[in-house]
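What follows is a single structure, written as structure tokens, with notes after it.
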Amino acid sequence: MNERFVFDTNTLISSFLFKDSVPRKAFIRVTNIGDFFASLETISEFKDVLFRSKFDKYLKPGLRGEAYSEIIERIIFVDITESITACHDSKDDKFLELAVAAKASCLITGDNDLLVLNPFRSISILNPSDFLNHF
22 MNERFVFDTN
32 TLISSFLFKD
42 SVPRKAFIRV
52 TNIGDFFASL
62 ETISEFKDVL
72 FRSKFDKYLK
82 PGLRGEAYSE
92 IIERIIFVDI
102 TESITACHDS
112 KDDKFLELAV
122 AAKASCLITG
132 DNDLLVLNPF
142 RSISILNPSD
152 FLNHF
């Protein structure tokens, strides 16, 4: 059985904007060892953030469209099965909900509000560097 993984939005964005970054290496590792999960809410947020004009200097809109297509081809969508209110920043609860619904092995994030919850219901919450060291 493949490992199951969830990325938060900022880490996933970084993995596409910065090709030699640690988040990119984590994304590549995930695609080699397991499956990547998203919910309609998390992928919608990813798309909204990815196409912000502030990222034009890093990646042209057409290339961001290709990045979005790559994500859509690789993800497995899951329905959220429960509402969770555990994170200091309530906007991040959607990633905990996704990780629980997907029965994820790990949530990969750089967000301290999520990292302090490691582990959450037996799900590892790791920054990209720690993820690379553990998986």
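The opening residue of the sequence shown carries number 22 in this note's numbering; numbering runs sequentially from there.
Positions of the beta carbon are idealized from the N, C-alpha and C atoms, including for glycine.
Source: prediction; values computed, not measured.
What's the C-alpha gap between residue i and residue j?
| i | j | result |
| --- | --- | --- |
| Asp101 | Ala122 | Before going further, note that residue 101 is Ile rather than Asp in the sequence given. Between Ile101 and Ala122, the C-alpha separation is close to 6 Å. |
| Phe152 | Glu24 | 13 Å |
| Arg45 | Ala107 | 28 Å |
| Leu117 | Gly86 | 27 Å |
| Phe72 | Ile105 | 28 Å |
| Ile146 | Thr52 | 18 Å |
| Arg142 | Ile96 | 22 Å |
| Ile144 | Ala120 | 7 Å |
| Ser74 | Arg50 | 29 Å |
| Lys124 | Phe76 | 32 Å |
| Leu136 | Asn154 | 16 Å |
Let's see if you can read the secondary structure: which residues bound the beta strand (DSSP E) around residue i?
| i | result |
| --- | --- |
| Arg85 | From DSSP, Arg85 is part of no beta strand (DSSP E) but of the alpha helix (DSSP H) over 82 to 95. |
| Ala120 | Note, Ala120: premise wrong, no beta strand (DSSP E); alpha helix (DSSP H) at 114 to 122. |
| Phe58 | 55 to 59 |
Give the range of the alpha helix (DSSP H) segment to which residue i is assigned.
| i | result |
| --- | --- |
| Val137 | First-last for Val137: undefined, no H or E at that position. |
| Phe37 | 30 to 38 |
Report all residues from its chain with a CB closer than 6 Å to the CB of residue i; omit the five preceding and five following residues, and keep chain order.
| i | result |
| --- | --- |
| Phe48 | Ser36 |
| Asn148 | Gly131 |
| Asp110 | Asp134 |
| Val43 | Pro149, Ser150 |
| Phe156 | none |
Tell me residue i's beta-bridge partners as DSSP assigns them.
| i | result |
| --- | --- |
| Cys127 | Phe26, Ser145 |
| Phe98 | Ala59 |
Skipping 5 residues on each side, what residues in its chain have a beta carbon closer than 8 Å to that of residue i?
| i | result |
| --- | --- |
| Phe98 | Phe58, Ala59, Ser60, Leu61, Ile64 |
| Pro82 | Phe72 |
| Tyr79 | Leu38, Phe39 |
| Leu138 | Ala107, Cys108, Leu117, Ile146 |
| Asp56 | Asn23, Glu24, Arg25, Phe26, Ile97 |
| Asn115 | Per the sequence shown, the amino acid found at residue 115 is Lys instead of Asn. Cβ neighbours of Lys115 beyond the five flanking positions: Ser60, Glu62, Thr63, Glu66, Ile101. |
Give me, in chain order, the residues of the same chain whose beta-carbon lies closer than 7 Å to that of residue i; leave out the 5 immediate sequence neighbours on both sides.
| i | result |
| --- | --- |
| Tyr89 | Lys68, Leu71 |
Any contact of the stretch 25 to 36 with the stretch 120 to 134, i.e. 3+ C-beta pairs under 8 Å? A contact is defined here as three or more CB-CB pairs under 8 Å, and the stretch 25 to 36 meets this definition with respect to the stretch 120 to 134.
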